[in-house]
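Numbering (our numbering), first residue to last: 1 to 630. Heads up, the beta-carbon is just placed ideally off N, CA and C, and yes, glycines get one too.
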């Protein structure tokens, strides 16, 4: 990245780091809570009283006081808090969840055929050991069922990331605990808080188990290989079969006095009846003792979400591109050089991407292996290639033959994009203009990512993505390209790059921020599959939305938030698709309801608006507009 670009990114990051992500009590609050500790110990009985009296540190005593105030009576075994799955807050084992709701059900509101999360924390009042979580069917009052196999429960793994964890993608030599991974088997990663280290559990075919140090200093872990132009310098081969998460949830260890976060993803298929479904997750120790339950409520709405469209044109697709590092070669580099396994892993990976809203293929085989994309269910509506800068005859031949090959694979309606170089200015753009014209004459669309090429690139580019922050202030720039009409796309990258764990930031960045800013696509950097050592880099951290393992990829809080952001755009699209036709209605109530709904989007400050509230407001307007659309 160029110095000026880096400086701009740093300043843009500062604005997003201002939101409260940790609670900082005042000295007066601390004194007040500690003063109540003897009272709580005297009031409570049973498990809670015994737990309270075992508190030793000030932080432990304060947690006891605050939890004791949240729960009346005398809770046994454990208590729970429902929390936002895309909260700004870092939920750490010893930190009270100040924005959580004590003892209430995990509530999820979702459209049909949507994936929607809920989250909760458990605080154990005594050591419970490994606890099984039994997810049951959810049922409505009239007997309808939301099957338990549509509920996917995972543990949020808190592990060591570098000192910039949660806030930035830049490197830092320190390590800090940070919530990130979604795991079925929490023991796949071992975290040693005394040694300040992460370890990967490796299980061989014969059952032998060893642990590999993940957080080694960069000078120790220094593998240098070039694979497809991407330098690999991490020695851990994470996509070998010996490092594979369990296929189903394996429970969790609940230690006294620790908060542990869980993530529940619900998928209601397109035919799931609308209504309110209730149930619970039962918790049992290994000897079969019931130690608690977590109530769950899911509201399924009576509509299916459309594909995401742009704010300024409800007929124009909102596309998802990424600068990726995903290919057979790169996967083989970390799976033991097994091509057959790499094909299975790539298909598994792409299926995961599709479920998370990245429905178009972004991998290096996408222009020549349509069978892979088809097996994963991807929408093969576009692919890109690098243009060849050479003598005119060579360029014409390359453009013609490449176009012919891609048309044969994907058909005539397929979008072909050509790119060349990176972050260049006007003089370079002027120099390559003959090449661009040659490829455009063969049906290719031109992609350019330079901020400096805007004035000339705007009318020439079919996909323009400068290093800018995708917020509502960018509409002045995006309007210029959008005004030209047609099928050009305006994207963004680098502010911030992939790598930040904070799900609230990610949801806004890839959702209503970009949508209301007038963008028509994402094109951020980058999709990395390795990256388990967060202190191995020089300038940047690992840029992971997901992490490779033996069966594909492990999800993260940020990746779940990406899906939420894309779904926010889909809800906004649904609102517009209902409201626009009603603007011309002769019914005044229908006309007024449509204008009121559109006013919500027009006046929404997508840079600071609470995203959960924004979603519920959109749902409210959608339900009203559906009545007028009958």
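- Relative to the Cα of residue 151, the nearest Cα in the group 595, 577, 534 and 268 belongs to 268.
- In this structure, residue 244 lies away from residue 210, with their beta-carbon atoms at least 9 Å apart.
- Residue 116 is bridged by DSSP to 266.
- By the neighbour-count criterion, in which a residue is buried when 16 or more other Cβ atoms sit within 10 angstroms of its Cβ, residue 608 is exposed.
- Take residue 402, set aside five residues on each side of it, and the residues of its chain with a beta-carbon closer than 7 Å to its own are 385, in chain order.
- Between residue 528 and residue 542, the C-beta spacing is below 9 Å.
- Within the same chain, 496, 497, 498, 499, 500, 540, 541 and 543 come within 8 Å of residue 169 by CB-CB distance, once the 5 residues on both sides are set aside.
- In the assembly as shown, residue 569 is a buried residue. Its beta-carbon has 16 or more other beta-carbons within 10 Å.
- Residue 73 and residue 612 have their alpha carbons spaced roughly 31 Å apart.
- By the C-beta criterion, the region 90 to 106 is judged to be in contact with the region 173 to 187, since at least 3 inter-stretch pairs fall below 8 Å.
- Here residue 310 is buried. Its C-beta has 16 or more other C-beta atoms within 10 Å.
- In this structure, residue 171 lies near residue 538, with their beta-carbon atoms less than 9 Å apart.
- If you look at residue 218, you'll find it isn't in any beta strand (DSSP E); DSSP assigns it neither H nor E.
- Here residue 85 is buried, its C-beta having at least 16 other C-beta atoms within 10 Å.
- Per the C-alpha coordinates, the member of 109, 47 and 408 positioned closest to residue 79 is 47.
- Shown here for residue 55: same chain residues with a beta carbon closer than 8 Å to its own, the five before and five after excluded, namely 37, 61, 63, 64 and 257 in chain order.
- Residue ranges of uninterrupted alpha helix (DSSP H) with 4 or more members, entirely inside the region 43 to 129 and ordered along the chain, are 46 to 53 and 58 to 70.
- For residue 527, the enclosing beta strand (DSSP E) covers residues 521 to 527.
- Sorting 507, 262, 215 and 304 by C-alpha distance to the C-alpha of residue 610 places 507 at the top.
- If only complete runs of 3 or more residues are kept, the region 365 to 400 shows the beta strand (DSSP E) at 382 to 386, in order along the chain.
- Linking residue 141 to residue 106 through their CA atoms gives a straight-line distance of about 18 Å.
- In the three-state DSSP reduction, residue 254 falls in the strand class (E or B).
- Per the coordinates, the alpha-carbon of residue 220 lies some 21 Å from the alpha-carbon of residue 336.
- Taking 9 Å as the cut-off, the beta carbon of residue 524 is found no closer than this to the beta carbon of residue 263.
- With a cutoff of 9 Å on beta-carbon distance, residue 358 and residue 327 are scored as not near each other.
- CA-to-CA, the gap between residue 616 and residue 625 works out to about 14 Å.
- Looking at 451, 419, 418 and 370, the one whose alpha-carbon comes closest to that of residue 411 is 370.
- With respect to residue 361, residue 342 sits apart: the two C-beta atoms are not nearer than 9 Å.
- Here the alpha carbon of residue 513 sits roughly 12 Å from the alpha carbon of residue 520.
- Residue 439 holds the alpha-carbon nearest to the alpha-carbon of residue 419 among 413, 431, 430 and 439.
- In its chain, beyond the 5 residues on either side, 145, 277, 278 and 279 have a beta carbon closer than 7 Å to the beta carbon of residue 139.
- In this structure, DSSP gives residue 597 a helical state, which the three-state scheme calls helix.
- The region 235 to 251 makes no contact with the region 100 to 117, as fewer than three CB pairs between them are under 8 Å.
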